[in-house]
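Following: one structure in structure tokens, then a few remarks.
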Amino acid sequence: EQTRYDIGRTASSEEIAGWDIDVRPDGKGLPPGQGSVMDGERLYEARCASCHGSFGEGVGRWPVLSGGFDTLTYERPTKTVGSYWPYASTLWDYVHRAMPFTAPRSLSVDETYAVSAYVLYLNDIVDDDFVLTQDNLADIEMPNRDGFFEDNRPDSPNTRCMQGCADPDELQMVGTIGGITPVGHFKQGADAPAASHEGQKALEEAK
Amino acid sequence: EQTRYDIGRTASSEEIAGWDIDVRPDGKGLPPGQGSVMDGERLYEARCASCHGSFGEGVGRWPVLSGGFDTLTYERPTKTVGSYWPYASTLWDYVHRAMPFTAPRSLSVDETYAVSAYVLYLNDIVDDDFVLTQDNLADIEMPNRDGFFEDNRPDSPNTRCMQGCADPDELQMVGTIGGITPVGHFKQGADAPAASHEGQKALEEAK
Amino acid sequence: AFAGRSLAEESGGSTSNLPPHEPSWSRQLGHGVVEHPYGSPSAFEKDVVRRTVPWLTAESISSISMTPLAELKGIITPNGLVFERYHAGVPIIDPDQHRLILHGLVERPLIFTMDDLMRYPSVSEIRFLECPANGGMEWKGAQMEALQFTHGMLSCCEWTGVPLRVLLEDAGVKPEGKWILAEGADGAHMSRSIPIEKALDDTLVVYAQNGERLRPEQGYPLRLFNPGWEGNTSIKWLRRIEVGDQPWYHREETSKYTDLLANGKARKFSFVQEANSVITNPCPENPIRHSGFIEIEGLAWSGRGRIKQVDVSFDGGVNWVPAKLKGMVLPKALTRFSLEAKWHGQPWLLQARAIDETGYVQPTLKQLREARGTNSIYHKNSIHTWKVAANGEVTNVQIT
Amino acid sequence: AFAGRSLAEESGGSTSNLPPHEPSWSRQLGHGVVEHPYGSPSAFEKDVVRRTVPWLTAESISSISMTPLAELKGIITPNGLVFERYHAGVPIIDPDQHRLILHGLVERPLIFTMDDLMRYPSVSEIRFLECPANGGMEWKGAQMEALQFTHGMLSCCEWTGVPLRVLLEDAGVKPEGKWILAEGADGAHMSRSIPIEKALDDTLVVYAQNGERLRPEQGYPLRLFNPGWEGNTSIKWLRRIEVGDQPWYHREETSKYTDLLANGKARKFSFVQEANSVITNPCPENPIRHSGFIEIEGLAWSGRGRIKQVDVSFDGGVNWVPAKLKGMVLPKALTRFSLEAKWHGQPWLLQARAIDETGYVQPTLKQLREARGTNSIYHKNSIHTWKVAANGEVTNVQIT
Ligand code: HEC
Ligand code: HEC
Ligand SMILES: [Ca+2]
Ligand SMILES: [Ca+2]
Ligand SMILES: [Ca+2]
Ligand SMILES: [Ca+2]
Ligand SMILES: [Ca+2]
Ligand SMILES: [Ca+2]
Ligand SMILES: [Co+2]
Ligand SMILES: [Co+2]
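Take a look at the structure:
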């Protein structure tokens, strides 16, 4: 059959297979393989802990991967794989496509199963003898799996009032916190941080 | 009286005077002063001839300033101050605002009268004892003063014919002259000149 | 009002380039043509650049920079100033070796080179692009001291490419195909699920912006573009589109780009950038420097279509005056509004309120917080307030 | 049609970045944000630059460079690629020391700083800018081998500034005021006379292009902009406007920018750029590389207003087919047209013919030569022909 424009060509199964890396909640896309929490611990310490911390607590400003259960209603919630993510597939997919940060796609399939198992273990979602596989990943029940709902906006539209739309006496005004945005270029004498990470580093070292 | 926006301020006569350099055919804008063909010759040789030639014939690719009378209907007309320009004021104005090319606005008023007189002399428009002044410039009659007419376009619009609009047997096709445009970037092996004057110079020197 | 200014004051000291004098630059020749085969802004505009807020992210490779909106005119953002957002930095992709694979629930899986894609009939549209985190640093309070940081994750370009619909038609979407997954060739392999309705409506596969090929920062050589939707869905460095029967729930549509409400539940797939607006003159970067006439100017935009009306308040939202929309009013594009006013040192609490063609009225901060709490991160499109002091200085405040 | 292409051929040898392989750029991090606070095009686009034809002028300082139209999409010309035309090179002007004086037959002579001018209410408009010498090298015969040189003295930007009318109203034009003189601050002190009707109609005093401040090449910090008129009238580096009762007949409106006819008489003050068009795909730079589908694409524009229709001929003007106008159709702006076609090696003599909203139909070369001879230099807006050979190569020819 001829396409309308007859541009490009048919992609071969082999070509597609190399790039078709996505995984879904129902497990579709997961390649055959497996990895234990035990294997994961070793790998995690070697390849992940330097940024995310040995317990997933996050080193410095790098992302926290564990804990934060029941904090979603707090003033400062801790959203982690364990406390927030609805599906375990997301973890496998993301680690496989993007981690470790400096060497994406460098983990093998089994290594991905293993570190994913370990991150789940850090979140008390699986036991220390657990082995994550193509077949059991979709069955893992994540704590916050029911935490999401479909977009139902507009949820807070205004009305077009033109006169006396608020009581001036009731208005509360809060000012800006000074000195935390890089505004030196337009404010004379502003003691503001640099506009780049490198500049920021230099500034901090200078202190 | 207040302007609508009250933006900017009144320009002083002094400020305006310094920038108000334009001259019109009726002589409006000419400052008091004068210059002779004799004085002009010396100045022209010193400040103009290196580009425009001792007789206004133009050195190399620099503009020709004299001659070309009655060539305007030729296949290759020579359009000069003498053969084409309708008013002498244009010469004074242009030399005063833009010449010599590398040092615009460096001629004094009297010097401008003098070189202008000399360019007119090179074009046989004034005699060798002529002295150009604020008062006589507007009276100079240029040979091609009646050579211009107001825009009367559209002068050659087409009609929107869709079928059989020309006789295919009568169509004459002329191709492009090759090798004179800088097309090396997209034509493999094209022997085209460089895309900059500097590159062109280098190319020519290399030959 | 200006009688007091002397020439020397006006020019910061030296008067030699002021009338009646002939300025130095008028007495000499400048550089010739093709000195800059590809040109750049004047050196005097060196402060008109993208800026980042270093404390926002751990490092610059997964970070964001903002467009200097205060310095821009009209609705086009020049390519050099379009805000940046990367998750693994900017990949340097050889366009001859780049491919797009279109597969999944289709009759014919297809693979395209850039040449192939550029053979399709192209469409060009001026549309805004906005990060849904724009303004998101201010859910809990005012903390940004300049327009560039309160609203600068925003730009508007003329985008050129192929409607994704055309490619999907050539591939032949099967009836079960309800979602697509779009994926990038960067180190993050950025991926987002998009409903097939959008993909068949106005989604573009884009290779040019403002006339020229995409900038590396915006996805060179190829990106997706979902008009009016959160910028993150417009996958850059696009290399793969898969058609499926359900969404993928990837990291960028679960961990990120979901909107946590006060009750602990989170809104998902909140794609549309709802109507928003901000005043660009005056603003912290553009304080009022002269009493008398001032054009209150700003930008409004809506992911649902055209802007219909913008109103301006001088008293923090008690009373409102209609502003004029000026220039082109295009769907899902930045739209300029303008209101002529006079200022003589009176304190102002300036606000703008956008209304789009669906009738949606931009909410107050109070309304938005009541509906969502302060932990949503994304989609903070509430009415913004600038405080104008008696000396003309402008600061960012919040009114509730 | 593509069964014969192997992977290695497609990519010029190496397959390591092609699927199924993971490309090198997907396995590493790229640079972070604000690595380029002001961005530039990809290094792979290094050939997309302005070019000049050195033999056109004695040196580069009073010369012209052309926009690479063949590589551009949509209607916006990115600022770095807008064609250049100088008479004394590019002056480097300190914006704080630049002034505009407005005087002559007015009630109140005024002087403005840049800050002053930017306080006026601004307008932004997408309009084309064209040198009237565009195409002028071909009055006597075809001699340019690429679209960049046949039509590249052409660009289209969003221009922002103040209507000159507003400034003239503030100054108060006296009843005798019938013409203005606009003058630049460059070494050429470029000057042109403009009828007051135009000045009060749509002339702008412009300080920004495509959102950002004017580029030095386009008149930073200030220029005039006469929509639809020959580019030379849109004085760059504008420093003075005088109102008078008659035109000045300066060098650029007598020696230059007058149109010499075969009978030795010359048309003066021929301001309008009449309707014109050119096919940009295919063209010499974009030969046809694949048989089968091709989108014939091009640009049309008219200084008299909107483009109403463009027709395309495949046989050198014997028969014509209507093309589709695509994207925005704005007055005095570039307008894209498109015609879907199939090519299987047949020789084509491709032409486009623009019709504007006044009903003006772009003339044939024969008609233009009959009316004007071949010495007019300017305003050569006749129908252009591309010859497509059996191997897909495209050359510039003339048909009469
Ligand atoms: C060099 C630092 C670094 C290393 C090593 C690293 N990561 Fe990350 N990780 C990051 C950064 C930075 C992000 C956020 C990226 C972004 O937002 O685009 C991240 C995000 C994540 C996330 C998502 C967090 C969230 O809440 O959305 C997971 C899960 C993760 N990493 C797991 C891993 C695993 C597993 C490894 C080892 C195999 C690993 N990371 C190694 C830096 C690192
Ligand atoms: C260094 C070279 C140079 C010198 C010296 C020079 N000129 Fe020129 N002249 C030029 C160039 C180049 C042009 C064309 C400029 C343009 O088109 O923008 C020109 C143009 C002119 C023209 C207009 C020609 C026309 O047909 O439009 C006149 C008149 C003229 N010059 C007079 C003078 C006079 C008088 C002097 C000396 C006081 C002078 N020039 C010195 C290079 C020079
Ligand atoms: Ca898949
Ligand atoms: Ca733990
Ligand atoms: Ca005058
Ligand atoms: Ca002689
Ligand atoms: Ca500035
Ligand atoms: Ca190319
Ligand atoms: Co959202
Ligand atoms: Co003309």
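Residue numbers (the numbering used here), protein chains in the order written: chain W, 17 to 223; chain E, 17 to 223; chain Y, 44 to 443; chain P, 44 to 443. We put the beta carbon where it would ideally sit given N, CA and C, even for glycine.
Closer than 7 Å: Asp15(E) CB and nearest ligand 5 heavy atom: Past the edges of chain E, shown from 17 to 223, lies residue 15(E), and the structure says nothing about it.
Burial state of Ala33(W) (16 or more Cβ within 10 Å): exposed
For Phe336(Y): DSSP bridge partner residues: Lys385(Y)
CB contact below 8 Å: Lys221(Y) versus chain W: no
Within 8 Å, strictly: CB atoms of Pro102(E) and Gly163(E): yes
8 Å Cβ cut-off: residues of chain W touching Leu382(P): Here the premise fails: no neighbours, minimum Cβ distance about 14 Å.
Contacts that Pro234(E) makes with chain Y (C-beta to C-beta distance below 9 Å): In this structure chain E extends from 17 to 223, so residue 234(E) is not present and cannot be described.
Burial state of Phe165(W) (16 or more Cβ within 10 Å): exposed
Through-space distance from Ala228(Y) to Ser67(P), alpha-carbon basis: 10 Å
6 Å Cβ shell around Ile144(Y) - same chain, five flanking residues per side excluded: Ile154, Arg283
Cβ-Cβ distance between Glu295(P) and Arg235(P) below 8 Å: yes
Beta-carbon spacing of Arg63(W), Pro116(W) below 8 Å: yes
Thr290(P) classed as buried or exposed, judged by whether at least 16 other C-beta atoms fall within 10 angstroms: At residue 290(P) the sequence reads Pro, which differs from the Thr that was named. It is buried - the Cβ of Pro290(P) has at least 16 other Cβ atoms within 10 Å.
Interface partners of Pro325(P) on chain W, CB under 9 Å: Ordered by position in chain W, no residue passes the 9 Å Cβ test against Pro325(P), which lies about 16 Å from the chain.
Every unbroken beta strand (DSSP E) within the region 200-254 of chain P, with a cutoff of 3 residues, ordered by chain: 222-227, 234-238, 247-252
Candidates Asp140(W), Ile196(W), Val53(W), Gly56(W): closest to Thr96(W) by CA position: Asp140(W)
Within 8 Å of chain Y by C-beta, residues of the region 57-70 of chain P in sequence order: Ser57, Asn60, Leu61, Pro62, Pro66, Trp68, Ser69, Arg70
Strand pairing of Gly82(P), partner residues [DSSP]: According to DSSP, which records beta bridges pairwise, Gly82(P) is partnered with nothing at all.
Classification of Glu31(W) by the beta-carbon crowding that lies within 10 angstroms, buried from 16 upward: buried
8 Å Cβ cutoff met for Met180(P) and Asn439(P): no
Cβ shell of Lys221(P) (< 6 Å), same chain only, five flanking positions each side left out: Ile239, Asp288
Run of the alpha helix (DSSP H) containing Thr106(W), from where it starts to where it stops: 104-114
Distance CB(Ala154(W))-CB(Val142(W)) smaller than 8 Å: no
Check whether Glu201(Y) and Ser167(Y) have beta carbons under 8 Å apart: yes
Beta-carbon gap between Pro330(Y) and Gly416(Y) smaller than 8 Å: no
Contact set between the region 362-375 of chain Y and chain E, restricted to residues whose Cβ is under 8 Å from the partner: none
Completely contained beta strand (DSSP E) runs for the region 43-85 of chain W, where each covers 3 or more residues: 50-52
Ligand 3 heavy atom lying under 7 Å from the CB of Gly227(Y): no
Residues, ordered as in the chain, of the region 136-158 of chain P that lie near chain E by beta-carbon distance below 9 Å: Arg142, Leu143, Ile144, Leu145, His146, Gly147, Glu150, Arg151, Pro152, Leu153, Ile154, Phe155, Thr156
Residues sharing a beta bridge with Ile144(Y), DSSP: Ile154(Y), Arg283(Y)
For Glu127(E), the first and last residue of its enclosing alpha helix (DSSP H): 125-138
Burial state of Ser57(P) (16 or more Cβ within 10 Å): exposed
Leu136(E) versus Ser99(E), Val39(E), Gly200(E), Ser124(E), residue with shortest Cα-Cα distance: Ser99(E)
Partners in chain E for Thr378(P), counting only beta-carbon separations shorter than 7 Å: Under the 7 Å cutoff, chain E gives no residues; its nearest Cβ is about 17 Å from Thr378(P).
CA-to-CA distance, Ala432(P) to Ala44(P), given in whole angstroms: In this predicted model, Ala44(P) has a pLDDT of only 30, less than 50, meaning its place in the structure is not dependable; the value taken from the coordinates is given anyway. The straight-line gap from Cα to Cα measures roughly 19 Å.
Partners in chain Y for Arg63(W), counting only beta-carbon separations shorter than 8 Å: Those do not exist, as Arg63(W) stays about 15 Å from chain Y at its closest Cβ, beyond 8 Å.
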